[in-house]
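Going by the numbering used here, the sequence shown wraps up at 1332, each residue one higher than the last. Note that the Cβ used here is the ideal one computed from N, Cα and C, for glycine as well. Here the structure is laid out as structure tokens; the discussion comes afterwards.
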Amino acid sequence: MVEMPMANIGRRLGARFGAGFGARFGRRLDHGGRVFLDALLPPQCLCCGAMVDRQGNLCAPCWSGMRFLEPPCCRACGFPFPYDEGAAVLCGACSRRQPDFDRARAVLAYDDRSRTLMLRLKHGDRLDGVPAFGQWLARAGAEFWAEADLILPVPLHRLRLISRRYNQAALLAHAVSRATGLPCQPQLLQRSRATASQGGLSRAGRHRNVRGAFAVREADKARLKGSHVVLIDDVFTTGATVSACTRTLKRHGAARVDVLTLARVL
């Protein structure tokens, strides 16, 4: 649920008449705004469109149909294991080749049910779930936050951003920032070269497509040195995009790069 602008009135009144008065007034306005919005636009399940009790929720059948990813998993890429083999165990792929990033974690398995959720976020303008997704991501990345310095979204090229109107990774990154209290720097990492869509490309084709496509803004290079970065994206497919981002960030001084996505292809 996006904060209603009228809630800002409570903060202004608090500055003048005292924090307690402003907080009480702001809560009443905020509650009234939510009731008005729910009456105007009845809350619907983010996945199937069924009626739910509040904005940004899933209905019970859709919730139970989601596969939430939890430990045990690969120490590096987060691939789920059927049973616990120890906290330091790597999956077969990471044993053969260590990823460029340090760790990757995801909230959901990308399957028929979660695909609808992802597509509605990415292409369907269903942004009312972003605050809830931010909370989900914060829980999935709980092991990151004690040492993390920065939250960065995977960037879109400016031409793609114009056609899409928003970068879903940036919206998720801001939501995670609000949930964790860590700073989000959406302009630090930039996509310096327009690339073709990754959809339909092979694993090797995906890696070629994004090679050399990212850059760090000159003004932010000093901020990056020695930092622990958490990189946010919507879906982890082959890891090509986040790997290319990681190489760019580490080349410019990042000490660690962890990856956090809403869904992951298994």
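- Rounded to the nearest angstrom, the Cβ distance from P1249 to L1297 is 14 Å, too far for a contact under 8 Å.
- If you look at Q1201, you'll find it in the alpha helix (DSSP H) that goes 1196-1206.
- Counted as a single uninterrupted DSSP element, the alpha helix (DSSP H) harbouring V1242 occupies residues 1234-1246.
- Taking S1229 as reference, the option from G1265, D1191, L1218 with the minimal CA-CA separation is D1191.
- Per DSSP, the beta-bridge partners of R1322 are H1294.
- Counting the other Cβ atoms within 10 Å of the Cβ of D1119 gives fewer than 16, which makes it exposed.
- Residues of the same chain with a CB within less than 8 Å of the CB of Y1149, apart from the 5 flanking positions on each side, are P1138 in chain order.
- Here V1276 has T1261, A1306, T1307, A1310 as same chain residues with Cβ atoms under 7 Å from its own Cβ, once five neighbours each way along the sequence are excluded.
- Of the other Cβ atoms in all chains shown, fewer than 16 fall within 10 Å of the Cβ of L1332; this residue is therefore exposed.
- In the DSSP assignment, the residues bridged to I1217 are C1250, V1296.
- Per DSSP, reduced to three states, the secondary structure at C1128 is helical.
- Around the beta carbon of F1199, a 10 Å sphere encloses 16 or more other beta carbons of the protein chains shown; the residue is thus reported as buried.
- Secondary structure note for A1172: its beta strand (DSSP E) is the uninterrupted segment 1169-1175.
- Runs of the beta strand (DSSP E) spanning 3 or more residues and lying entirely within the segment 1253-1282 occur at 1255-1257, 1280-1282, in chain order.
- By the CB criterion at 9 Å, L1315 and L1290 fall inside the cutoff.
- The three-state secondary structure of C1160, taken from DSSP, is helix.
- Here D1168 is buried. Its C-beta has 16 or more other C-beta atoms within 10 Å.
- Around the CB of A1236, 16 or more other CB atoms lie within 10 Å, so the residue is classed as buried.
- Taking the CA atoms as reference points, R1226 sits about 18 Å from A1239.
- D1286 and G1247 have their alpha carbons spaced roughly 20 Å apart.
- Per DSSP, the unbroken alpha helix (DSSP H) holding A1310 starts and ends at 1306-1317.
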